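Numbering (the working numbering), first residue to last: 33 to 271.
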Amino acid sequence: MNIENLKKSIKAMKWYEWVMAVIMIGIAAYTMIAAFINPESSKNPPWLTVINFISAIAGVFCVFLCAKASISNFAFAIVNTLVYIIYLWYWKIYGTMMLEIFFYQPANIISWWLWAKHRDDMQKELTKSRKLTLWQNVAVTAAIVIGTVAYHEILVRVGGNVAWLDAATLAIGIIAVLLEMFRFREQYAWWIITDIIAVAMYIVHFDPVYLTKKSIYLIMAVIGLYNWIKLNKRNVANE
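Laid out in structure tokens, this is it:
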């Protein structure tokens with residue numbers, strides 16, 4: 033990882049992104065400390081709140097940098113994926129856990145390599161943004177619908193929790209990660225949907241750290257869609 037490019041990306045963060053980062057990390061820190069002082073105050077065991085705290089830090093910086101098309105986001109993504117797997121395993125959210133283990137983590141490494149091969153001409157710390165055609169968008173939507181139904185049947189059989197929401201998150205997540213890997217801006221339209229689902233999951237299965245985290249992800253997905261559309265237009269204009 034190029035440290036100078038990472039510094040440039042972090043310096044480019046807006047004030048409201050720093051506010052969200054402080055809120056997220058502050059809530060995670062408070063929850064962690066409270067769980068150790070009084071274990072009865074938390075649904076999570078104290079050791080899992082430490083995992084949540086690490087996830088909070090890695091997760092927010094990953095999503096902020098990715099929304100800017102910064103290649104450095106994958107350093108944080110790898111750490112975030114590792115700790116999130118532990119959380120999902122503990123709460124038996126199997127669909128999302130499988131997505132993290134067998135898809136997100138390998139995709140993080142491959143995407144890091146692919147993004148680095150296609151750097152933006154004007155800002156080398158960023159990657160180039162691409163756009164799907166109409167028929168590609170139709171094919172993507174069909175794949176997600178079919179995947180959601182298929183994964184739901186699997187999750188019901190293995191006894192996973194919140195099967196429909198979990199199945200939709202899994203199906204959308206796979207497609208969104210592929211779109212991200214190949215630098216398509218439409219990834220963020222699907223991230224918005226999956227983040228809405230994730231917020232709903234953590235309202236039902238209340239967890240203040242992950243509810244805050246996923247809410248921030250949703251906000252940044254909207255910002256990311258705007259940034260990637262703007263970057264794509266600039267890339268096309270410079271070709």
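Backbone N, C-alpha and C define an ideal beta-carbon position, used for all residues, glycine too.
None of the values given here were measured: they were computed from a predicted structure.
A distance below 8 Å between beta-carbons, with the five flanking residues on each side excluded, links G205 to the following residues of its chain, in chain order: T128, L131, F135, Y136 and T226. When rounded, the separation of the alpha-carbon atoms in Y122 and M64 is 16 Å. For R215, same chain residues with a beta-carbon under 7 Å away, outside a window of 5 residues either side, are W147, H150, T159, K160, S161 and R162 in chain order. Beta-bridge partners assigned by DSSP to T81: none are found. With respect to the 9 Å criterion, A221 and L257 are classified as neighbours on the basis of their beta carbons. In terms of Cβ geometry, F108 and L97 form a close pair [threshold 9 Å]. Between A182 and the set V241, T165 and A203, the nearest pair of CA atoms involves A203.
Between A199 and T180, the gap from beta carbon to beta carbon is short of 9 Å.
Per DSSP, A61 is one residue of the alpha helix (DSSP H) stretching across W47 to I69.
Between V115 and Y249, the gap from beta carbon to beta carbon reaches 9 Å or more. Listed in chain order, the alpha helix (DSSP H) elements of length 4 or more contained wholly in the region 193 to 261 are 195 to 213 and 219 to 236. Per DSSP, the unbroken alpha helix (DSSP H) holding T173 starts and ends at L166 to V190. Between the beta-carbon of T244 and that of I55 there is about 7 Å, and that keeps the pair under the 8 Å contact cut. Around the beta-carbon of Q168, fewer than 16 other beta-carbon atoms lie within 10 Å, marking it exposed. At a cut-off of 4 residues, the continuous stretches assigned as alpha helix (DSSP H) that sit fully inside the region 110 to 162 are 126 to 131 and 137 to 149.
Collapsing the DSSP output to three states places S102 in a strand.
Residues A101, S161, R217 and Y220 of the same chain have their beta carbon placed closer than 7 Å to that of W260, with the five preceding and five following residues left out of the count. Going by DSSP, K40 is part of the alpha helix (DSSP H) stretching over I35 to K43. In summary, D239 is buried, with 16 or more beta-carbon neighbours lying within 10 Å of its beta-carbon over all protein chains present. A139 is a Cβ neighbour of M213, given a cutoff of 9 Å. Using a Cβ distance threshold of 9 Å, N37 and E157 count as a contacting pair. For the 9 Å CB-CB criterion, S104 and N34 form a contact. With distances taken between CA atoms, I224 lies nearest to I255 out of N76, K46, I255 and A66. Exposure of T165 is indicated by the presence of fewer than 16 other C-beta atoms within 10 angstroms of its C-beta.
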